Amino acid sequence: MSKRASDGGKNGDKKKQEVSPAARRKQIIVGLVMGLIVGLVISYFTTFWYWLPAGLAFGLAVGAIMKPPPSQ
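So for the sequence shown, our numbering puts the first residue at 6; every next one is plus one.
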């Protein structure tokens, strides 16, 4: 077996940066808006309105997963 670095280039030893609640809230809102747009566009082209909730769920997931920009 080959020996590789255990951290794999990640910041394993460094202290995790705290994200402010305002930045987290902004990311969720941005994700929801993005999902609303995606859902509306897909719903318009497919004429199937169930894509709207799917788009909102997608946006919520993306907003929750995305890393907020570091606070200055």
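Don't be surprised by glycine CBs; every beta carbon is placed ideally from N, CA and C. Just so it is clear, the structure is predicted and the values come from calculations on it, not from any experiment.
By the criterion of a C-beta distance shorter than 6 Å, Ile47 is surrounded in its chain by Trp56, once the five residues flanking it on both sides are discounted. For Leu37, same chain residues with a beta-carbon under 8 Å away, outside a window of 5 residues either side, are Leu61, Gly64, Leu65, Gly68 in chain order. The alpha-carbon separation between Ala28 and Trp54 amounts to approximately 31 Å. In this structure, the CA atom of Ile70 is about 18 Å from the CA atom of Gly44.
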